[in-house]
Amino acid sequence: EPLFHSRDRSDLEPAPLRRAQPIADPVAAQRFLSKYGWAAAPPGPGPRAASPHAPRVGPRAPALAEAVRRFQKVNALPASGRLDAATLAAMNRPRCGVPDTRPLPPPAPGPPPSRLPRPARPKR
Amino acid sequence: FLRPPPPPPPGGPQPEVAAPRGGTRAFAKRTLSWRLLGEGASGQLAVDEQRHILRLAFRMWSEVMPLDFREDLAAPGAAVDIKLGFGRGRHLGCPRVFDGSGQEFAHAWRLGDIHFDDDEHFTPPTSDTGISLLKVAVHEIGHVLGLPHTYRTGSIMQPNYIPQEPVFELDWSDRKAVQKLYGSCEGSFDTAFDWIRKERNQHGAVMMRFSTYFFRNSWYWLYENRNNRTRYGDPIQILRGWHGIPTQNIDAFVHLWTWRRDERYFFKGNQYWRYDSDKDQAYTEDEQGRSYPKLISEGFPGIPSPLDTAFYDRRKQLIYFFKESLVFAFDVNRNQVLDSYPMKITEVFPGIEPENHPFRNIDSAYYSYAHNAIFFFKGNAYWKVVSDRDRQQHSWLPSNGLFPKQSISERWFDICDVHTSTLNM
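First to last, the sequence lines map onto chains B and P.
Under the numbering used here, the first residue of the first sequence is numbered 2, with each subsequent residue one higher.
Under the numbering used here, the first residue of the second sequence is numbered -12, with each subsequent residue one higher.
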């Protein structure tokens, strides 16, 4: 059971919606790309990582650029390797949390040819 | 039913979808159980609505693969194959933390559980705002089944959420991807037939349209030949789509069609029913006031029962009735069996390769307007009957011969059962 109940019952109120931190800088982008399998995880800062004053370790630029380029290609963005606005917007889109770890499978052979043009998809 | 998974990596288990080398890639059971966790329900939609949406999501997969899914509210949690739940931030004992509203909306574990981020605005299928719970659930179930992400346009397995089009369904490639893991749907049919309707086009001219139906047990599918799949949402129960005929295990269907006659008959056991296409229901009595169902022996003298199957040959104006290893040719104009019958099926319909033949107990004899051919179904296989056109091209083919057998699932695709508990959806 909960250990504490507040007098005004505010503990029963649904928690306010939290917002995901937008991906807006190279560190966040590196974290995104690592999380979803586009890049290796950045090296840790070392034994001082536990300290709140430990510096954030930035991504290595060439490796990040290459990872960004791969991400841009599959998202039909210009493969510049730069974290431009369109790329950051793509990273911030709602998505599934499962990593994109697999290379693209070959497309399935198409269906047997139909003789007649296909109508619009009907409603279920 | 699964091999033990490899131990998780030191950083904690990842919701891995790439199959580890030698690891288990797919469920081995044919029916999987699922449950929405009581403590993991969303606060945004009524629980019953969440369960309905999840039930539909599972059904959509079972319509295209030889697995089905049943909701299990009773078994101990450890016995449930797939558990689903909603949570925020740290949730449900999961090692992965949700990030709040935006970005990650859900994740799933291969052969395991599904978690939805309840900070997202999940909405029912009828809504055009928010994130469709149905679409996300179908996607995550795909991961549980073993499918990875793909960036192919139109795939349900794209990683990013795409606002819902008016209709979303599993397309050809998604179906083939999951069938690569689990195989195609197989199984015998009770009967198969094309149903003819007269319609008028926009110029007032009469057109003949046909629909293809496959019947099995107490359900049926409409098959869309042009789209190489069944109608979305099928199978459905016979009693919902066909009124006044037996609700399961139909033996045969015959469409007796001449210049003067247009009669459709269903057969089961020792009885038969006539179906009224205009009123979409079985006749209760004939023109003489005699009630349906009638005995086969009375309406078709000389024909035994129960039957295996039957079909009507429009050119010869004969109904071929099949029972065990025999075939009976019934003259509809003289209302009697032809003199030389019954005959062995192998004599009337000889195999081009003598040993490649159904021999007896055919499941269904089906004339297809889409293929302009007669097919014999038995089990998972079909034999195509040599047509006049075939003989024009290859005169050595025997009349009414049977080509070597092929797999039904390689010509009529994705005719899949669903769990009986979802037949009414």
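Note that the Cβ used here is the ideal one computed from N, Cα and C, for glycine as well.
Values in this document were obtained by computation on a predicted structure and should not be read as measured data.
- Any Cβ of chain P closer than 9 angstroms to the Cβ of proline 23(B) would place that residue at the interface, and such an atom is present.
- By a beta-carbon distance limit of 8 angstroms, arginine 46(P) does not contact serine 20(P). Their separation comes to about 14 angstroms.
- Flagged as an interface residue toward chain P: valine 99(B), by a C-beta distance shorter than 9 angstroms.
- Excluding sequence positions up to five before and after phenylalanine 400(P), its CB lies within less than 7 angstroms of the CB of Asn215, Arg216, all in the same chain and listed in chain order.
- A direct Cα-to-Cα measurement between glycine 256(P) and isoleucine 361(P) gives close to 24 angstroms.
- Around valine 75(B), the beta-carbon contacts reaching into chain P at under 8 angstroms are Tyr138.
- Checking the DSSP bridge columns, you'll see asparagine 147(P) partnered with Arg96(B).
- Distances from the CA of glutamate 250(P) to each of Trp208(P), Leu313(P), Ile183(P), Glu285(P) were compared; the closest alpha carbon is that of Ile183(P).
- Interface residue (Cβ-Cβ distance to chain P less than 9 angstroms): arginine 83(B) is not classified as such.
- Per DSSP, tryptophan 244(P) lies in no alpha helix (DSSP H); the unbroken beta strand (DSSP E) holding it starts and ends at 239 to 244.
- Nearest in C-alpha terms to arginine 302(P), of all of Leu243(P), Ala269(P), Tyr259(P), is Leu243(P).
- Beta-carbon to beta-carbon, cysteine 172(P) and proline 53(P) are separated by about 5 angstroms, close enough to satisfy the 8 angstroms threshold.
- Contact between leucine 157(P) and leucine 132(P) is absent: CB atoms are separated by about 11 angstroms, not below the 8 angstroms threshold.
- With its beta carbon at least 9 angstroms from every one in chain B, alanine 13(P) lies outside the interface.
- Listed in chain order, the non-local C-beta contacts of arginine 378(P) below 8 angstroms within the same chain comprise Leu384, Ser386, local neighbours out to five positions each way being set aside.
- The beta-carbon of isoleucine 361(P) is placed no less than 9 angstroms from the nearest beta-carbon of chain B.
- Between the stretch 389 to 409 of chain P and the stretch 327 to 345 of chain P there are three or more inter-stretch CB-CB distances shorter than 8 angstroms, so the stretches are counted as touching.
- Note on geometry: alpha-carbon atoms of alanine 28(P) and aspartate 104(P) lie some 11 angstroms from one another.
- In the DSSP secondary-structure assignment, alanine 368(P) is bridged to Lys365(P), Ser394(P).
- Taken in chain order, the complete beta strand (DSSP E) segments of 3 or more residues contained in the stretch 7 to 73 of chain P are 18 to 23, 55 to 58.
- Within 10 angstroms of the beta-carbon of leucine 60(P) lie fewer than 16 other beta-carbons, which makes it exposed.
- If you draw a straight line from the Cα of isoleucine 290(P) to the Cα of tyrosine 252(P), it comes to about 14 angstroms.
- Taking 9 angstroms as the CB threshold, isoleucine 118(P) lines the interface with chain B.
- Taking the beta carbon of aspartate 115(P) as reference, no residue of chain B falls within 7 angstroms; the closest one sits roughly 14 angstroms away.
- In the structure shown, glycine 141(P) adopts coil according to DSSP, grouped into three states.
- The three-state secondary structure of serine 35(B), taken from DSSP, is helix.
- With contacts defined by Cβ atoms closer than 9 angstroms, arginine 139(P) and aspartate 106(P) do not form a contacting pair.
- When Val154(P), Gly170(P), Gly89(P), Phe73(P) are compared, the shortest CA-CA separation from glutamate 127(P) is found for Phe73(P).
- Counting only runs that start and end inside the stretch 90 to 174 of chain P, the alpha helix (DSSP H) elements of at least 4 residues fall at 120 to 132, 159 to 169.
- Contact with chain B is absent for glutamate 36(P), since none of that chain's Cβ atoms lies less than 9 angstroms from the residue's Cβ.
- Around the CB of threonine 18(P), fewer than 16 other CB atoms lie within 10 Å, so the residue is classed as exposed.
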